[in-house]
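This report refers to the structure that appears directly beneath it.
Right, dumping it as structure tokens:
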């Protein structure tokens, strides 16, 4: 667990699995986030809006233009922070949100990692296809160092990087199968995404499809909506994916029926 | 106009009155914003969510708990930044947003300024009444230094502090009449707020009321919604308020009828 600063008032709750899951879902289901960087030249904090995706190790990813202030800032100083969780309706402070303190690392174009991120990002944000290959657009991985979760009034938690990362040894093997598995599910089991979304994420009916699979869960998309189904435990063997997906479907159908 | 940094690519548009109005409306109609500060001890950027209000000179105001990271940060280093403009539906980057680089100044409890901000803030956020008087809650004015407006893809503008501040000599005189004028309008001309909201802000029908009046415009509230009607020019004589409000009503009725 992250250490509480010595001078901090004792308002933090003990970080439990519910808090960890909430933090992961907030971060992994975000379409955009507020990014804080240090403005070049002045060193002032600078907040802007960025599209967000996720790498297979749970590291959040942003796609940004080299012409923007935040990109120049991150190339000067990698220290950064992401605020995930939209306020939505009602009291903005009643909605949970997550601050992740991050260190940015630019992704080299032409690398295997770039190809993987590009594919995952475009599946999450289909419109990004229009500019992802522009020479002035670049990906940064924002590697979590620690995080502050605010689950609503009086519900504050500190989280470690470990709480937000995906450690499974099957990460790469799953990434290799991801595209095929998604195509298979969305065509041969087209009803599954909608069942996952409504049963596990409480989402409304819609034209749901699977837009991402990793060792820790599934991303579900319907138009502008994005939901995250977290597995109860990370998949540690890529061969188990089919069973995990089938069991989730069976469980949802049994519970509903 | 703000000077463009010498090494910046020429992607900025010339700042015109439309851009200034959009920036003002984004900032002045915000209920919450992302706040970027420098984390105490580490100096890392730190993004969090805050409720926002506005002082009579156009300076954005936040009400925060002394127990939070951002309050400790602002007390250590006043450099800060606000991101206003919610992503809403559709592509998050298609929605306009404004980054304001600010310098925080804590408002002394018991001061006249505190009393005025408290009244204006609670009218904007009625639920804040529950905690605004807690001893660990405090107001900061976030004085704009400059701003970056992003009006959607390829629509970037630099703004100066002047573009965001209200300079009218009638500010204080209007503030003294504000509460009475709002009560009068909301009781004697209850239909006005709805007409303002729909005609000038394109808002849907709802239970609209006036929640703020200053030299530059009117804040309109309906439940969780907040709209901002900017006057075409600042009111420079408090005695003209009645005429301005009546003319806006007449104009809306004439255009609609």
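Protein chains in written order, with the numbering used here: chain A, 1 to 257; chain B, 258 to 514. Cβ coordinates follow ideal geometry from the N, Cα and C atoms, glycine included.
What is the residue span of the beta strand (DSSP E) that residue i lies within?
i: residue 237(A); result: Careful: residue 237(A) lies outside any beta strand (DSSP E) and carries neither H nor E.
i: residue 187(A); result: Unbroken run through residue 187(A) is the alpha helix (DSSP H), 171-188; no beta strand (DSSP E).
i: residue 158(A); result: 156-160
Which residues does DSSP pair with residue i in a beta bridge?
i: residue 317(B); result: 311(B)
i: residue 470(B); result: 475(B)
i: residue 293(B); result: 304(B), 338(B)
i: residue 101(A); result: 81(A), 146(A)
i: residue 139(A); result: 63(A)
i: residue 230(A); result: 217(A)
i: residue 12(A); result: 156(A)
i: residue 86(A); result: Partner(s): none; residue 86(A) has no beta bridge.
i: residue 106(A); result: 140(A)
Taking residue i as part of the alpha helix (DSSP H), name the residues at either end of that continuous run.
i: residue 351(B); result: Residue 351(B) -> no alpha helix (DSSP H), and no H or E assigned at all.
i: residue 374(B); result: 369-381
i: residue 67(A); result: Unbroken run through residue 67(A): none, as it is neither H nor E.
i: residue 131(A); result: Unbroken run through residue 131(A): none, as it is neither H nor E.
i: residue 22(A); result: 17-28
i: residue 455(B); result: 449-458
With 9 Å set as the bound, which would you pick, yes or no: does the beta-carbon of residue i sit closer than that to a beta-carbon of chain C?
i: residue 174(A); result: Considering every chain present, this structure includes no chain C. Its protein chains are A and B.
For the ligand MN, I want to know if residue i counts as a neighbour, meaning its beta carbon is within less than 8 Å of at least one of the ligand's heavy atoms.
i: residue 43(A); result: Ligands displayed in this structure: none; no statement on the ligand MN is therefore possible.
Which of the residues in the region 89-107 of chain A, read from start to end, lie with their CB under 7 Å from any CB of chain B? 89, 90, 91, 92, 93, 97, 99, 101
| said: Which residues of the region 125-142 of chain A have a Cβ closer than 7 Å to any Cβ of chain B? Give them in chain order. | reply: 127
Notebook entry, point to check: Does the region 327-346 of chain B come close enough to the region 354-363 of chain B that 3 or more CB-CB pairs lie under 8 Å?
Noted result: yes
Going along the region 196-230 of chain A in order, which residues come within less than 8 Å of chain B, judged by CB to CB distance?
-> 224
Against chain A: residues of the region 286-301 of chain B by CB proximity under 9 Å
288, 289, 290, 291, 292, 293, 294, 295, 296, 297, 298, 299, 300, 301
Review point. Touch check for the region 341-350 of chain B and the region 422-430 of chain B: three-plus C-beta pairs under 8 Å?
Key: no
* Asked: At a cut of 8 Å, does the region 26-37 of chain A reach the region 285-303 of chain B through at least three beta carbon pairs?
  -> yes
- request: Kindly confirm or deny that the region 22-33 of chain A and the region 368-384 of chain B touch, where touching means at least three C-beta pairs closer than 8 Å.
  value: no
**Q.** Three or more C-beta pairs below 8 Å linking the region 207-216 of chain A and the region 173-191 of chain A
**A.** yes
| query | In the region 302-319 of chain B, which residues sit with their C-beta less than 8 Å from some C-beta in chain A, listed in chain order? | reply | 302, 303, 304, 305, 306, 308
**Message:** Under 8 Å: do the region 110-119 of chain A and the region 318-335 of chain B share three or more Cβ pairs, one atom per stretch?
**Reply:** no
Using 8 Å as the cut-off, can you tell me whether the region 189-196 of chain A makes contact with the region 142-150 of chain A, which would need three or more C-beta pairs spanning the two stretches below that distance?
no
Next on the checklist: Along the region 404-432 of chain B, where does the CB come closer than 9 Å to a CB of chain A? Name the residues.
Outcome noted: 405, 407, 410, 413
| task | Can you give me, in chain order, the residues of the region 75-87 of chain A that have a beta carbon less than 8 Å from any beta carbon in chain B? | result | 79, 80, 81, 82, 83, 85, 86, 87
Margin query: Under 8 Å: do the region 314-334 of chain B and the region 389-399 of chain B share three or more Cβ pairs, one atom per stretch?
Written below: yes
So, does the region 459-466 of chain B touch the region 478-490 of chain B, judging by three or more C-beta pairs under 8 Å? yes
| query | Can you list, in chain order, the residues of the region 502-514 of chain B whose Cβ is nearer than 8 Å to any Cβ on chain A? | reply | none
Should the region 52-59 of chain A be regarded as contacting the region 151-170 of chain A, the criterion being three or more beta carbon pairs within less than 8 Å? yes
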